[in-house]
Amino acid sequence: MNILHKAMAAALGLLLSLSCHALTAEQTFAMAAAQDNDARAAAINTAVLEPDDGGRLAAYLQALADDAVRTAGGKAFVIQGERAIDPATGAVTTLPADAEEIVNNNYLRGVIESAQAALALNSADVQARRAAAQKLAAEPDAARLPLIDKVLAGEPDAQVKAMLERAKAASLLGSEDSAERLQAVQQLAQIHTPETQLLLNQRLADESDPAVQKAIRSALSSIAESLAWGERLGAIFSGLSLGSVLLLAALGLAITYGLMGVINMAHGELIMIGAYATYLVQVLFQRWMPDSAFGWYLVVAVPVSFVVAALVGAVLERGVIRFLYGRPLETLLATFGISLVLQQTVRSLFGAQNVGVENPAWMSGGVSLLPNLTLPFNRIAIIVFAFAVLGAVAFMIARTRLGLFVRGVTQNRSMASCVGVNTARTDTYAFALGSGIAGLAGCALSQIGNVGPDLGQNYIVDSFLVVVLGGVGQLAGTVYAALGLGVLSKLLEGWAGAVLAKIAVLLFIVVFIQKRPQGIFALKGRSAEA
6 MNILHKAMAA
16 ALGLLLSLSC
26 HALTAEQTFA
36 MAAAQDNDAR
46 AAAINTAVLE
56 PDDGGRLAAY
66 LQALADDAVR
76 TAGGKAFVIQ
86 GERAIDPATG
96 AVTTLPADAE
106 EIVNNNYLRG
116 VIESAQAALA
126 LNSADVQARR
136 AAAQKLAAEP
146 DAARLPLIDK
156 VLAGEPDAQV
166 KAMLERAKAA
176 SLLGSEDSAE
186 RLQAVQQLAQ
196 IHTPETQLLL
206 NQRLADESDP
216 AVQKAIRSAL
226 SSIAESLAWG
236 ERLGAIFSGL
246 SLGSVLLLAA
256 LGLAITYGLM
266 GVINMAHGEL
276 IMIGAYATYL
286 VQVLFQRWMP
296 DSAFGWYLVV
306 AVPVSFVVAA
316 LVGAVLERGV
326 IRFLYGRPLE
336 TLLATFGISL
346 VLQQTVRSLF
356 GAQNVGVENP
366 AWMSGGVSLL
376 PNLTLPFNRI
386 AIIVFAFAVL
396 GAVAFMIART
406 RLGLFVRGVT
416 QNRSMASCVG
426 VNTARTDTYA
436 FALGSGIAGL
446 AGCALSQIGN
456 VGPDLGQNYI
466 VDSFLVVVLG
476 GVGQLAGTVY
486 AALGLGVLSK
496 LLEGWAGAVL
506 AKIAVLLFIV
516 VFIQKRPQGI
526 FALKGRSAEA
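This is the structure in structure tokens:
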């Protein structure tokens with residue numbers, strides 16, 4: 006083992022001899038145990054300005070970040086397992102008995118991270134350089150200006166250069182020369198991002214020069230006006246996203262309540278069942294399928310969640326609901342009890358705690374349209390999914406034989422029975438369809454929120470509000486009501502907060518129903534007069 010250690014030490018010494026700018030013992034000690042934090046930070050910043058040809062500085066900075074450095078007798082030592090390494094030479098050495106552990110506070114950890122980012126600017130990987138430049142731009146430091154200028158002179162990537170220019174301008178905000186500060190403000194005024202707005206606001210609080218103050222206020226006004234569009238578009242997208250969720254949750258209820266007249270208080274639990282079916286499909290893929298196939302679990306979960314929820318709905322209709330048609334208040338009480346039974350059943354099977362449902366890789370991340378506007382892929386997918394389900398339901402109701410039977414039975418049950426329609430079977434199919442759509446809503450909701458026994462309770466009231474506001478039995482009204490309430494809620498949240506926005510929406514619905522009890526779209530023809 007001693008021979009191996011000597012060979013490793015000799016190899017490290019040879020590597021050191023090939024390096025043009027090797028660390029010195031004085032540098033390593035100053036970076037670890039200078040008199041105060043500022044002195045340590047200055048030593049780290051000074052070391053980063055020199056090329057790290059052998060990669061020894063990067064390794065030493067990582068050791069500092071990992072709290073693996075000790076000091077004794079004016080020297081620093083890096084601890085690797087049971088060995089002590091001299092960071093200046095790379096040789097294995099003996100750790101003195103009185104060596105002290107180096108502890109870094111949050112300030113020094115930030116300095117070390119910035120130094121590591123600065124070293125990464127010399128990486129051959131453009132993605133690594135972009136990440137490093139973004140890190141330096143987020144934490145400007147005047148001590149980095151010489152390094153930034155040097156990198157800018159030879160950087161070929163436009164995105165890296167843009168972020169480094171921003172980092173340089175942000176660093177110059179703290180300059181003692183008012184002309185340099187003014188130039189930095191003028192440059193930052195062209196970068197309309199929340200980070201730039203924060204930097205300028207911080208500088209404005211400390212700025213004493215009237216000309217620079219005026220320039221900062223002008224820049225902040227321009228940036229705020231630009232960012233306002235991102236906030237408005239973000240609120241609209243959030244409203245559409247919420248509206249699509251409400252649409253999925255209310256679409257099944259528009260059939261069971263709007264067309265069949267059943268006040269199904271267990272509708273939320275059918276949504277929950279769809280979410281748990283998605284969770285079980287995920288578990289099966291994790292245990293029995295290769296990792297490369299995991300992203301497909303959601304594709305399989307969509308039909309599974311529909312079928313499972315539809316089967317539960319069919320059982321409910323044949324076992325309970327079929328005896329209560331024409332008595333809406335009794336269906337309310339019966340389905341409320343069923344909802345409690347379903348909740349307790351899920352708690353007994355899966356526990357009271359939420360279960361984790363992961364997004365597939367293709368639904369992670371988002372698309373950035375503006376500096377302060379990023380559209381998440383999972384929300385975009387749910388909006389598309391909601392309208393796809395809506396199109397399928399509208400086609401089935403309007404163009405298929407089952408849809409014809411459902412419309413016939415709901416409009417005139419006696420006449421439909423006289424012409425040969427099996428009304429009992431049609432009722433079961435219609436209720437199962439509404440329940441299956443609720444299961445699809447649960448599948449979608451599993452991708453954006455927690456999955457637990459109380460999942461459906463968060464959407465049952467909103468679902469009824471959407472159906473009543475849109476007009477009972479009207480799919481078009483359900484769409485308008487869901488999207489309208491979603492956008493209105495998000496716009497009001499930005500103005501008055503979430504609680505007041507919810508109250509305002511409820512008041513609006515109460516007033517609207519008072520003035521127009523039939524909802525946005527009223528039934529027309531003899532069915533409306535019955």
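Heads up: the sequence shown runs through residues 6 to 535, numbered per the working numbering.
Here a beta-carbon is modelled for each residue, glycine too, at the ideal position from N, C-alpha and C.
* Between Val456 and Asn359, which are expected to be in contact by the criterion C-beta below 8 Å, what is the C-beta distance as a whole number of angstroms? -> 6 Å
* **Residue range of the beta strand (DSSP E) that includes Arg327** => Premise fails: Arg327 is in no beta strand (DSSP E) and is neither H nor E.
* Asked: Hey, Leu460 and Met277 are a contact pair by Cβ (cut 8 Å); roughly how many whole angstroms apart?
  -> 4 Å
* Asked: What alpha helix (DSSP H) runs, 4 residues minimum, are completely inside the region 62-150?
  -> 111-125, 131-143
* Asked: Does the Cβ of Lys173 have 16 or more other Cβ atoms within 10 Å, making it buried, or fewer, making it exposed?
  -> buried
* To do: Name, in chain order, the residues that DSSP records as bridge partners for Ser373.
  => Thr379
* **Whole-Å CB distance - Ser231 paired with His197, under 8 Å assumed** => 4 Å
* Helix or strand or just coil, what does DSSP make of Val426? -> coil
* Asked: In three-state DSSP terms, what is Val362?
  -> coil
* **Boundaries (first-last residue) of the alpha helix (DSSP H) holding Ala194** => No alpha helix (DSSP H) holds Ala194; DSSP gives it neither H nor E.
* Is it right to say Leu204 is buried, meaning 16 or more other beta carbons lie within 10 angstroms of its own, or is it exposed? -> buried
* Run through DSSP, which three-state label would Val267 get? -> coil
* Along the alpha helix (DSSP H) that carries Leu215, what are the first and last residues, could you check? => Correcting the residue identity first, residue 215 is Pro in this sequence and not Leu. 215-258 is the span of the alpha helix (DSSP H), which, as asked, contains Pro215.
* **Glu498 burial status per 10 Å Cβ neighbour count (16 or more: buried)** => buried
* Asked: Starting from Arg292 and walking both ways along the alpha helix (DSSP H), at which residues does that stretch end?
  -> 272-293
* Is the region 152-171 touching the region 128-143 in the sense that three or more CB pairs, one from each, lie closer than 8 Å? -> yes
* Length of the line joining the Cα atoms of Gly86 and Leu152 -> 34 Å
* For Ile518 versus Val473, is the C-beta spacing smaller than 8 Å? -> yes
* So which of Thr415, Ser297, Gly441 has the shortest CA-CA distance to Gly279? -> Gly441
* **Cβ-based burial, Pro458 [other Cβ within 10 Å; buried from 16]** => buried
* **Closest residue to Asp467 among Cys448, Ser494, Gln452, Ile453 (Cα-Cα distance)** => Ser494
* **Straight-line Cα distance separating Leu238 from Ala501** => 18 Å
* To do: Find out if the Cβ-Cβ distance for the pair Ile525, Gly476 is shorter than 8 Å.
  => yes
* Asked: Do you know how far the Cα of Thr201 is from the Cα of Gly95?
  -> 42 Å
* Asn110 classed as buried or exposed, judged by whether at least 16 other C-beta atoms fall within 10 angstroms -> exposed
* Asked: What is the rounded straight-line gap between the Cα of Ala255 and the Cα of Leu375?
  -> 32 Å
* Any idea if Thr29 is buried or exposed, counting beta-carbon neighbours within 10 angstroms, 16 or more meaning buried? -> exposed
* Tell me which same chain residues have a C-beta within less than 8 Å of the C-beta of Leu157, skipping the five on either side of it? -> Lys166, Leu169, Glu170, Lys173
* Member of Arg75, Ile107, Leu193 whose CA lies at the smallest distance from the CA of Ser227 -> Leu193
* **Beta carbon of Leu54 nearer than 8 Å to that of Leu252** => no
* **Span separating the alpha-carbon of Leu113 from that of Asp154** => 24 Å
* To do: Would you please state the rounded distance, in angstroms, between the beta carbons of Ala35 and Ala48? I believe it to be under 8 Å.
  => 4 Å
* To do: Out of Gln349, Gly370, Gln348, Glu322, state which residue places its alpha-carbon closest to the alpha-carbon of Thr336.
  => Glu322
* By Cβ distance below 6 Å, which residues in the same chain neighbour Leu69 in space, the five residues on each side in sequence not counted? -> Ile117
* Can you have a look at Gly530 and say buried or exposed, based on whether 16 or more other CB atoms are within 10 angstroms of its CB? => Reliability of the predicted coordinates at Gly530 is poor, the pLDDT of 46 falling under 50, and the value obtained from them is presented with this limitation in mind. Burial call: exposed.
* **Range covered by the alpha helix (DSSP H) that runs through Pro543** => In this structure the chain extends from 6 to 535, so residue 543 is not present and cannot be described.
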